[in-house]
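Numbering-wise (our numbering), the sequence shown opens with residue 24 and increments by one.
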Amino acid sequence: MPTYDRYEKAMRPEDITRLFVQRSNAGDAAGVAALYEEDAVMAYPPGSTAVGREAIRALWERVLSARPRFEREEPLPTLIADGVALTATPPKDGAGARAQVVRRQPDGSWLRVLDRPEFVPVES
Numbered sequence: 024m025p026t027y028d029r030y031e032k033a034m035r036p037e038d039i040t041r042l043f044v045q046r047s048n049a050g051d052a053a054g055v056a057a058l059y060e061e062d063a064v065m066a067y068p069p070g071s072t073a074v075g076r077e078a079i080r081a082l083w084e085r086v087l088s089a090r091p092r093f094e095r096e097e098p099l100p101t102l103i104a105d106g107v108a109l110t111a112t113p114p115k116d117g118a119g120a121r122a123q124v125v126r127r128q129p130d131g132s133w134l135r136v137l138d139r140p141e142f143v144p145v146e147s
């Protein structure tokens, strides 16, 4: 089992996107998983969920084995209330949006709790 506490921590919710891009482009699935709480839920690929940091790490190992390249996307304004934040980025490819719920940890850092990296909004 990887040691997740050796990684740089996100001290602002917005730091998670920067750290995700760095670690993904380095092929570091454990580093990406370190951005998630132990019991986090990730909705990816569409229609599926990965529950827990280890399942998320295994998912990123599969995704990163194809050596995809990620670019940092400009975030929408972060919404913060009572130690929980909603972060989102409009993807450059125009395919829906990316949204994450992050929670402040006891040490002041932030980790993802819920992650929907891509989705197409439902039209009303």
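Beta carbons: idealized from backbone N, C-alpha and C, even for Gly.
Note that the structure is a prediction, hence the values are computed from the model and not measured.
By DSSP, does Arg90 sit in helix, in strand, or in coil? For the purposes of this step, residue 90 is identified with residue 67 of the sequence shown, where counting begins at 1. Residue state, collapsed to three classes: coil.
To which residues of the same chain is Phe93 closer than 8 Å at the C-beta, ignoring the five residues directly before and after it? Sequence index remark: in the sequence shown, residue 93 carries index 70 (1-based). Counting only Cβ-Cβ distances below 8 Å, and skipping sequence neighbours, we find Phe43, Val44, Ser47 and Asn48.
In terms of alpha-carbon separation, which member of Ala52, Val64, Pro113 and Gly70 lies closest to Asp125? Counting from 1 along the sequence shown, the entry for residue 125 is found at position 102. Sequence inspection shows Val at residue 125; the Asp mentioned does not correspond to that position. Closest in C-alpha terms to Val125, from the list Ala52, Val64, Pro113 and Gly70, comes Val64.
Check whether the stretch 94-110 and the stretch 59-77 are in contact - that is, three or more C-beta pairs closer than 8 Å. Segments in contact, no.
Could you work out which residue in Thr112, Gln123, Gly131 and Val55 is closest to Arg35 when comparing CA atoms only? Numbered from 1 along the sequence shown, position 12 holds the residue referred to as residue 35. When each option's Cα is compared against that of Arg35, the closest is Gly131.
With 16 other CB atoms within 10 Å as the buried threshold, where does Gln123 fall? Numbered from its first residue, the sequence shown carries residue 123 at position 100. That one is buried.
For Glu146, count neighbouring C-beta atoms within 10 Å of its own C-beta (all shown protein chains included) and say buried if the count is 16 or more, exposed if not. If you number the sequence shown from 1, residue 146 lands on position 123. Low local confidence applies: a pLDDT of 45 at Glu146 is under 50, so the model's placement there is unreliable, with the coordinate-based value given in what follows. Classified as exposed, Glu146 has fewer than 16 neighbouring CB atoms from the shown chains inside 10 Å of its CB.
Which residues mark the beginning and the end of the beta strand (DSSP E) in which Gln45 is found? Here residue 45 is taken as the residue at index 22 of the sequence shown, counted from 1. First-last for Gln45: Asp38 to Asn48, but that is the alpha helix (DSSP H), not the beta strand (DSSP E).
Under three-state DSSP, which class holds Asp105? On the sequence shown, residue 105 is found 82 positions in, with the first residue counted as 1. Coil.
On the criterion of 16 or more Cβ atoms from any shown chain inside 10 Å, does Arg29 qualify as buried, or is it exposed? To locate residue 29, count along the sequence shown from 1; it is residue 6. With a threshold of 16 other beta carbon atoms within 10 Å, Arg29 falls short and is exposed.
Kindly list the residues whose CB is nearer than 7 Å to the CB of Gly54, restricted to its own chain and excluding five residues on each side of it in sequence; keep chain order. Counting from one through the sequence shown, the residue named residue 54 turns up at place 31. These residues qualify, in order along the chain: Tyr30 and Arg46.
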